[in-house]
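Visitor: Those protein sequence lines, which keep their order, are chains A and B.
So the first sequence is numbered by my numbering: it starts at 1 and just counts up by one.
So the second sequence is numbered by my numbering: it starts at 576 and just counts up by one.
The C-beta atom is built at its ideal place from N, Cα and C for all residues, glycine as well.
Protein chains: 2
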Amino acid sequence: MAPQATEPAPIGATDNLSIARAARLWPIEEIAHQLGLPGEAVEPYGRGIAKLDLSAMKALNGHPRGRYVVVTSMTPTPPGEGKTTTAIGLVQGLQRLGHTATVALRQPSMGPTLGLKGGATGGGYSQVLPMERINLHLTGDLHAVGAAHNLLSAMVDNHLHHRLSPELDPREIYWQRVIDLNDRALRHIVLGLGGRGDGVARQGSFEITAASEVMAVLALADSLADLRQRLGRLVVGLDREGEAVTAEQIGAAGAMTVLLKEALKPNLLQTLEHAPALIHAGPFGNIAHGNSSIIADYIGLSTSDFLITEAGFGADMGAERFFNIKCRASGLTPDAAVVVVTVRALKYHSGRHAVVAGQPLPASLLAEHPEEIYEGGANLLKQIDNVRAHGLNPVVAINAFPGDHPSEYAAIRDLAASVSVRAEVSTHVRDGGGGSQALAEAVAEAAEGEKDFRFLYSDELPLASKIERIATRIYGAEGVDFAPQAHERLNVWQRQGYGSLPVCIAKTHLSLSSDPTRLGAPAGWRLPVREVRLSAGAGFVYALAGDIRTMPGFSTSPAATRIDIDESGETVNLY
Amino acid sequence: MAPQATEPAPIGATDNLSIARAARLWPIEEIAHQLGLPGEAVEPYGRGIAKLDLSAMKALNGHPRGRYVVVTSMTPTPPGEGKTTTAIGLVQGLQRLGHTATVALRQPSMGPTLGLKGGATGGGYSQVLPMERINLHLTGDLHAVGAAHNLLSAMVDNHLHHRLSPELDPREIYWQRVIDLNDRALRHIVLGLGGRGDGVARQGSFEITAASEVMAVLALADSLADLRQRLGRLVVGLDREGEAVTAEQIGAAGAMTVLLKEALKPNLLQTLEHAPALIHAGPFGNIAHGNSSIIADYIGLSTSDFLITEAGFGADMGAERFFNIKCRASGLTPDAAVVVVTVRALKYHSGRHAVVAGQPLPASLLAEHPEEIYEGGANLLKQIDNVRAHGLNPVVAINAFPGDHPSEYAAIRDLAASVSVRAEVSTHVRDGGGGSQALAEAVAEAAEGEKDFRFLYSDELPLASKIERIATRIYGAEGVDFAPQAHERLNVWQRQGYGSLPVCIAKTHLSLSSDPTRLGAPAGWRLPVREVRLSAGAGFVYALAGDIRTMPGFSTSPAATRIDIDESGETVNLY
């Protein structure tokens, strides 16, 4: 077991770009045609992209329903374990086995793309195209969410300015503004300065667009009418009597709906191997549920043998919300779940290595040490258990990297087998669908197999108990410590009729616990809930169990300083 | 001459909507095909809309150049005189005469659409479709302008936060933020509050997106490479030594260009009579030049016998900038100009009536009084003279309204004939192209006739003298009173090498003078210039000669409170 001094060259960003550039897209109408979508439901939006009219859903009623598969992961390292590439590889693998399969993904935020990390369109030979459009405006859905959100913001301040009824309390306005950029200087502002004609002075804030409740609403709405009603329920603040004031009362919900009409139509694209990809909505994975849209899933399930979707962060986060928030809203039940792992993440969870996002992996992490797989394996076993808590037996996908050692794969298989779970190595980044066929076979088998999907908690369970249920059963906490005000608020909402909503816990994604430095499957800890908030439009209550940033900042050297065009007009350094 | 008590029902907003709904769009590929555009240059963006790849320009090199016609107007009343409908009617009329003709228009701002007035897609039987998409997001160009603008803003504050070199002076940052909404509470803000990690506290502001210099840049760029260079020249503020700092120095210009790549492609749509319409860019008509894009005009002129474009506000404003800023940047020379008038505007300029935007016209204005046409005629004669100052003899288009009296049309013809100008009544709103054929004939004749286009001033004329030249020759002022600081700044820019730029004067559009209450052709006044600003990227200096709002506010009852969807999902009250 000779230690390796440096990381072997993986398929990196430059390769992603050259692979993407060399690819030949099929006309998007052809992809839609393969899905059996009626031509009038398909609206091309530039090369290789179409919006799907919601009439597509109606036209498809009665068609056989496909298998519904969610891709989640063990607790990730800061750079992530490749859920997106695995989901894309998986549809390509299923396609090679003769199935029709569609992948449904979130739209990446533009701010982070211009900041640190580049986009989220997969990598290597498991990418969705065209990369440049996906990573920037796509078809403008994020802009529409921002416009609808900020229209309500402007109307709230206009309401205050003209002292319209019900009279808002300027100290109790919860509805902030959003922008799809990393702009730390807008985290805390005072607005309404100037003269009498320039609004009412008060504190305010901007968050990144993905954090908008409007984004969560877009992802959870199952029709235009449902969208309209959810927007009407958004709570913007309190009036002088302390009563909640909604977007309906401000008179904004209708115009917001109209602004979102195009955005409600899912975007159809294709993978490198021409499998259909639906990219639609991108809510935050902590203060919101972190899953792509219900409407995209409906369409995919009506048109394909398999609909593969990705849920943000680890199984304790995105998958838990997928099961308990998204499936509750949609009425759909999943048929299988995939837990993505990497050799490096399992070894990282041994606690023997430090990994920092944006920096090269430490050489020690890349050396052959199968025993570290077992040391970090508690995390995988817990996340498998988290999926099983919802009645599904997951498949483990080992996302292969060039530096991996066969002995370490064997250790992962052994770990998984110890709890009767199948684990398959997938080389989809290097080999496309050809590298994920074993995984695809395992997933297809799991989807056909026995399962007994169930929610983690009933609607009737009180809000505080729902939070406790997730904390103890999923995170492995011994209990929850509510700040007194948080507990009080939950009781108020319980009395006001919001008690049947599901809950969303905003905590770090880097640990099963609320402390990002605690790896593996931490025990002997309690979840601190310092604040709770109501997303009445999206339809959940969220609890803050950590310091969650809703507006990132640029570094001293953001990606945007390198992104440019070359002499032939081609974009450079965007990936 | 019996006075009429109420205004006869014109073709109003409801009719506009029902006419638009009843229309059957042709596939946009068919419109593009008629123009001889190569298929690969046409990218459909939803039904009835396509973006035109800039390769369309290259492919068309060597094709015969069409006639270039600008539509301007006399000094308008607050509700406007119908330049947009006239421009649309005119292409339809030209088409009926057997010519190919394309209309190029600005994209309307979303904020005002949601606020007071509805959109800007024409009216009656002279509309561009699809109305709903044009008035809201269209293909996202305004959002892209906002994103590019605000990326630079975020990078400026990031630069300040990390104290990057050159070190910015936080008290001398001119680059604000933008949003495409009416949001008065953002006119004056303090940003960068919070803790050490949340930026540097300073004053700031939001303007409406149409007021962004990036929008003016988009309209004036003639290629992707030119766009890149103009963005690099944007001045964001001063460093600690008082030197100008550019977007290039901040490192933002490349990423801004990439964000604007799709937006640089003009949007092809169609009129109700299937004439091609290019809707592209929408810079402000006062602090910027108020004209649609140069690239759209290039494409239209390469593919049609006539390219008709509209310039914002009256001939003293939009047309003057069209001639001296836009044509200077493009190198194109206009072949004809149309001055739109209405009976009501001429009578309004008699000074006998009060007209308020959004309120019904006073009954007195609608009564038959041809003598008032002559009383208000000084304004028309001056605006005709303003066009002639650039070497073109205009055609007067009388935009017909249902309450008009033939005696008043005769008075207008008589007035125009007194200065050897042809005036034609156009009923394009009621009759489509069939109602504008006489106008179209007059325009075609003028375009074929003799002309001697010239700029109003040479590049070499000093900046202050350029402002004086416009004020005295076009506005009819006796001179210009510069605030001392304004004069000093002009001298500084002159020394720094900006002296060859054209100038743009921001004054009220409701009077030839700087006082909106002075009608007709005011004499005996001087233009006060209180401040001057440099738009180094767009390539002009602008002078503030009035109180110009760059961020509107909503009223107590904005249009957005009525815009909604009905039970079948159709949009209501958007027009």
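Which residues in chain B sit within 7 Å of Y45(A), going by Cβ to Cβ distance?
Guide: Simply Y620 and G621.
Visitor: When we look at the beta-carbon of V579(A) and count the other beta-carbons within 10 Å, is it buried (16 or more) or exposed?
Guide: Nothing about residue 579(A) can be reported from this structure: the residues present for chain A run from 1 to 575 only.
Visitor: Under a three-way DSSP split, which group does P578(B) fall into?
Guide: For P578(B), the predicted model reports a pLDDT of 32, less than 50, meaning its position is unreliable and no value from the coordinates is stated.
Visitor: Return no unless some Cβ of chain A is closer than 8 Å to the Cβ of H855(B).
Guide: Output row for H855(B): interface = no.
Visitor: DSSP three-state label for S1001(B), please.
Guide: S1001(B) falls in the strand class under three-state DSSP.
Visitor: Apart from the five residues on each side of it in sequence, which residues of its chain come closer than 6 Å, Cβ to Cβ, to I594(B)?
Guide: Excluding sequence neighbours, I594(B) sits near nothing in its chain.
Visitor: Taking the alpha-carbon positions, what's the N16(A) to T309(A) distance?
Guide: If you take the alpha carbons of N16(A) and T309(A), they lie about 22 Å apart.
Visitor: Name, in chain order, the residues that DSSP records as bridge partners for I179(A).
Guide: DSSP output for I179(A) lists I208(A) as bridge partner(s).
Visitor: Keeping to the same chain, check which residues put their C-beta closer than 6 Å to that of I325(A); ignore five residues upstream and five downstream.
Guide: The answer, listed in chain order, is H289, P502 and F540.
Visitor: Could you name the residues of chain B that I179(A) contacts, counting a contact when the two beta carbons are closer than 7 Å?
Guide: Per Cβ cutoff of 7 Å: N725.
Visitor: At least one CB of chain B closer than 8 Å to the CB of T257(A): is that the case?
Guide: So yes, T257(A) belongs to the interface.
Visitor: I'd like to know if the stretch 993-1004 of chain B and the stretch 1030-1038 of chain B are in contact, where contact means that at least 3 CB-CB pairs between them fall below 8 Å.
Guide: No contact exists between the stretch 993-1004 of chain B and the stretch 1030-1038 of chain B.
Visitor: Looking at F898(B): is its Cβ nearer than 8 Å to the Cβ of H965(B)?
Guide: Yes, they are a contact pair.
Visitor: Can the beta-carbon of P552(A) be found less than 8 Å from the beta-carbon of P283(A)?
Guide: Going by C-beta atoms, P552(A) is not nearer than 8 Å to P283(A).
Visitor: According to the neighbour-count rule (16 or more other Cβ atoms, all chains shown, within 10 Å of its Cβ), is A597(B) buried or exposed?
Guide: Flag for A597(B) reads exposed.
Visitor: Can you pull the DSSP bridge partners for I973(B)?
Guide: Partner(s): V916(B) and V1000(B).
Visitor: Can you give me the C-alpha to C-alpha distance between P10(A) and G403(A), rounded to a whole angstrom?
Guide: For P10(A), the pLDDT reaches just 48, beneath the cut-off of 50, and the residue's location in the model is therefore unreliable, leaving the point undetermined.
Visitor: Just to confirm before moving on: does the CB-CB distance between I299(A) and L278(A) stay below 8 Å?
Guide: Yes; because the gap between Cβ atoms is below 8 Å, this pair is in contact.
Visitor: DSSP three-state call for E372(A): helix, strand or coil?
Guide: In this structure, E372(A) counts as helix in the three-state DSSP scheme.
Visitor: Measure the C-alpha to C-alpha separation of N861(B) and A216(A) and round it to an integer number of angstroms.
Guide: Rounded to whole angstroms, N861(B) to A216(A) spans 39 Å at the Cα level.
Visitor: Give me the chain B residues within the contact set of I299(A), using Cβ-Cβ distance strictly less than 7 Å, ordered along the chain.
Guide: By Cβ distance, chain B contributes nothing, its closest Cβ being about 17 Å from I299(A), past 7 Å.
Visitor: According to DSSP, is Q270(A) part of a helix, a strand, or is it coil?
Guide: In this structure, Q270(A) counts as strand in the three-state DSSP scheme.
Visitor: Residues of chain B with a CB under 7 Å from the CB of L563(A): which are they?
Guide: What sits at residue 563(A) in the sequence shown is Ile, not Leu. Within chain B, the residues near I563(A) are G829, A830 and V833.
Visitor: So G1008(B) and R671(B) are in contact, right, with Cβ under 8 Å, and what is the actual spacing, rounded?
Guide: That pair is a contact at about 5 Å.
Visitor: Let me know the secondary structure DSSP gives N968(B) once reduced to three states.
Guide: Coil.
Visitor: For A486(A), which residues from the same chain have a beta carbon less than 8 Å from its beta carbon, with the 5 sequence-adjacent residues on both sides left out?
Guide: Within the same chain, A486(A) has close Cβ partners V529, R530, E531, V532 and A543.
Visitor: Anything in the stretch 1053-1084 of chain B with a Cβ closer than 8 Å to a Cβ of chain A? List those residues in chain order, please.
Guide: Of all residues in the stretch 1053-1084 of chain B, none has a Cβ within less than 8 Å of some Cβ in chain A.
Visitor: For A1111(B) and L793(B), I'd like the C-alpha separation in whole angstroms.
Guide: Their Cα atoms are separated by approximately 13 Å.
Visitor: Is there a C-beta anywhere in chain A that falls below 8 Å from the one on H944(B)?
Guide: Cβ-Cβ to chain A under 8 Å: no for H944(B).
Visitor: List, in order along the chain, the chain B residues whose C-beta lies closer than 9 Å to that of F323(A)?
Guide: None at all; the shortest Cβ gap to chain B is about 30 Å.
Visitor: Per DSSP, what kind of secondary structure is Y1117(B) in: helix, strand or coil?
Guide: Strand at Y1117(B).
Visitor: Who are the Cβ neighbours of E468(A) in its own chain at under 6 Å, not counting the five residues just before and after it?
Guide: Within the same chain, E468(A) has close Cβ partners V480.
Visitor: If we define contact as Cβ-Cβ less than 8 Å, is I1048(B) a contact residue for chain A?
Guide: The displayed chain sequence assigns Arg, not Ile, to residue 1048(B). Cβ-Cβ to chain A under 8 Å: no for R1048(B).
Visitor: If you draw a straight line from the C-alpha of T6(A) to the C-alpha of L365(A), how long is it?
Guide: Only weak support exists for where T6(A) lies, its pLDDT of 35 falling under 50; the coordinates are left without a value.
Visitor: Nearest by alpha-carbon distance to I1080(B): which of G952(B), E1145(B) and G893(B) is it?
Guide: The residue with the shortest Cα to Cα distance from I1080(B) is G893(B).
Visitor: With three or more C-beta pairs closer than 8 Å as the rule, is the stretch 808-827 of chain B touching the stretch 657-665 of chain B?
Guide: Not touching, per the Cβ criterion.
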